[in-house]
Amino acid sequence: MTPRKILFYIGLILFLYTCGKDESLNGSFQLSVSTDTSFAAIGDLIKFRVQTKSLGDNYLVIPQTQFNEPLELRHLEPLYNKNGKITGVDYVLSVWDTGMVVIPAIAVNVFKPDSTLDFIINTDSLEINVVSMVAKTGSQSMRPIKGPVPISRRWPIKTIILILLLIGILYGLYVIYSKRILTEYIEVEPVRSSRPADEKALEKLNDLKDSKYLQRGEIKEFYVQLSYILREYVENSVYIKTLEMTTEEIKQYRSAIPFDRDQLGIWMDIMQRADLSKYAKSDPEKMICYEDLAAGKTFVKNTVPSWKIQST
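Following this line, the structure appears as structure tokens:
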């Protein structure tokens with residue numbers, strides 16, 4: 039046998055083997071459609087199945103099917119083989135008209151294992167005879183009324199959250215409103231005295247002059263008394279709580295005190311030396327102490343017209 043004939047026979051064998059393999063695959067593949075009934079009443083549920091066999095390693099893809107009236111798709115469930123491949127689909131249909139209803143043909147796509155399309159095949163259409171309930175049962179009496187369907191009770195999470203949020207907002211408004219009311223209606227009780235503030239202050243300054251603080255060298259105690267007398271005078275005359283304020287706070291709000299700028303300057307100088315004596319232990323000379331005492335009297339006398347109504 040010549041080499042040419044040998045090659046011819048080898049090629050012929052391979053060709054026949056390939057054709058035989060394809061023919062056996064195509065011959066073994068089966069596609070079937072079925073329904074659980076061919077006779078139904080309006081509103082009945084009809085189970086319609088598309089199923090294949092001998093797909094091998096191929097798998098099935100059925101496009102989303104739109105059923106026209108009077109058919110209505112109620113449920114769709116794929117069918118799987120042991121390898122997890124889709125081999126068919128179960129449809130649950132309902133029909134809302136009498137007469138001969140046709141379930142249309144459905145295109146079935148068969149894909150190879152590498153996800154390439156192998157071929158497309160259409161199912162056969164099926165006919166179902168649909169009659170009224172009276173014709174099916176032979177009775178014109180109404181069907182028994184079904185009992186109520188139990189509904190599982192669920193916690194109204196959204197309602198609870200909205201209620202808690204509303205409570206939080208109301209509580210916040212209450213707190214803010216309460217603070218606003220307290221702030222708006224705080225009453226400042228003026229310090230009242232049976233004697234005018236200037237007379238009381240001048241009397242105390244004279245008593246301080248006659249005291250023995252400077253003679254005993256008690257400079258700190260002297261400035262404690264002098265600072266207190268002047269603060270008390272300002273508080274009793276213009277009703278600003280200078281006894282509760284520091285010197286720095288008085289400087290910061292000095293514009294609220296209706297006194298002349300020069301007089302305020304004299305008072306601030308005395309207050310600064312008093313702070314140095316009380317806190318920094320820096321005692322000035324006795325002569326400066328007497329000068330501050332005299333300056334305090336001058337401050338009281340010169341600021342009286344700023345607040346005291348003079349009788350005519």
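Quick note on numbering: the sequence shown equals residues 39 to 350 in our numbering. Where a beta carbon is used, it is the ideal one built from N, C-alpha and C, also for glycine.
Kindly list the residues whose CB is nearer than 7 Å to the CB of E8, restricted to its own chain and excluding five residues on each side of it in sequence; keep chain order.
Lying outside 39 to 350, the shown extent of the chain, residue 8 is not represented and no answer is given.
Whole alpha helix (DSSP H) runs in the region 239–287 with 4 or more residues, listed along the chain?
The region 239–287 contains these whole alpha helix (DSSP H) runs: 257–276.
So for T221, helix, strand or coil by DSSP?
Residue placement at T221 is poorly supported in this model, since its pLDDT is 45, which falls under 50; the coordinates still yield a value, given next. It is helical.
Which class does V338 belong to by DSSP, given the choice of helix, strand or coil?
V338 falls in the helix class under three-state DSSP.
For the alpha helix (DSSP H) holding L93, just list the boundary residues, first then last.
If you look at L93, you'll find it isn't in any alpha helix (DSSP H); DSSP assigns it neither H nor E.
How would you call T336, buried or exposed, if buried means at least 16 neighbouring beta carbons within 10 angstroms?
Exposed is the call here.
Count the other CB atoms within 10 Å of the CB of Y261; is the residue buried (16 or more) or exposed (fewer)?
In this structure Y261 is buried. Its beta-carbon is surrounded by 16 or more other beta-carbon atoms within 10 angstroms.
What did DSSP end up calling P303 once you bin it into helix, strand or coil?
Per the sequence presented here, residue 303 reads as Gly, with Pro not at that position. It is helical.
Since V168 contacts T136 with CB under 8 Å, what's their CB separation in whole angstroms?
Rounded, the Cβ-Cβ distance is 5 Å, consistent with contact.
Pairing CB atoms from the region 298–309 with CB atoms from the region 322–341, are three or more of them under 8 Å?
Segments in contact, yes.
Inter-residue Cα distance where the pair is L117 and D95
If I take the Cα positions, the gap works out to 15 Å.
How many angstroms separate the CA atom of I205 from the CA atom of P188?
The C-alpha of P188 is placed about 33 Å away from the C-alpha of I205.
Can you tell me which of the three DSSP states V99 falls into?
Correct three-state label for V99: strand.
Assuming L131 and E110 make a contact with CB atoms under 8 Å, what is their CB distance in whole Å?
Confirmed, Cβ separation roughly 7 Å.
Apply the 10 Å Cβ neighbour rule to A143 and answer buried if 16 or more other Cβ atoms are within range, or exposed otherwise.
So A143 ends up on the exposed side.
I'd like to know whether the C-beta of T154 is nearer than 7 Å to at least one C-beta of chain C.
The structure shown contains no chain C; it holds only a single protein chain.
Apart from the five residues just before and just after S72, which ones in its own chain have a Cβ nearer than 7 Å to its Cβ?
Excluding positions up to five away in sequence, the list reads R87.
Please state if the CB of A235 and the CB of Y266 are separated by a distance shorter than 7 Å.
For the 7 Å CB-CB criterion, Y266 and A235 do not form a contact.
Give the DSSP bridge partners of E237, in chain order.
In DSSP, E237 forms no bridge with anything.
For D74, which residues from the same chain have a beta carbon less than 6 Å from its beta carbon, with the 5 sequence-adjacent residues on both sides left out?
K85, listed in sequence order.
Only counting runs of 3 or more residues, tell me where the beta strand (DSSP E) segments fall wholly within the region 138–165, in order along the chain.
List check, beta strand (DSSP E) in window: 145–149, 155–160.
In this structure, does DSSP put G206 in helix, strand or coil?
The DSSP-derived three-state label of G206 is helix.
Classify F157: buried if its beta carbon has 16 or more other beta carbons within 10 angstroms, exposed otherwise.
When all chains shown are included, F157 counts as exposed.
Does DSSP put L331 in a helix, a strand or coil?
In the three-state reduction of the DSSP assignment, L331 falls in the helix class, which pools H, G and I.
Considering only the beta carbon of each residue, do K324 and K258 sit closer than 7 Å?
Not closer than 7 Å, so no.
Is the separation between the beta-carbon of V125 and that of L98 shorter than 7 Å?
Before going on, a small fix: residue 125 reads as Thr here, not Val. Contact annotation: T125 and L98 have beta-carbon atoms nearer than 7 Å.
Tell me, please, which residues DSSP counts as bridged to Q290.
Under DSSP, Q290 takes part in no beta bridge, so it has no partner.
Just tell me which of Q104, I198, G185, L69 has its CA closest to the CA of S92.
Checking every option, the nearest Cα to that of S92 belongs to L69.
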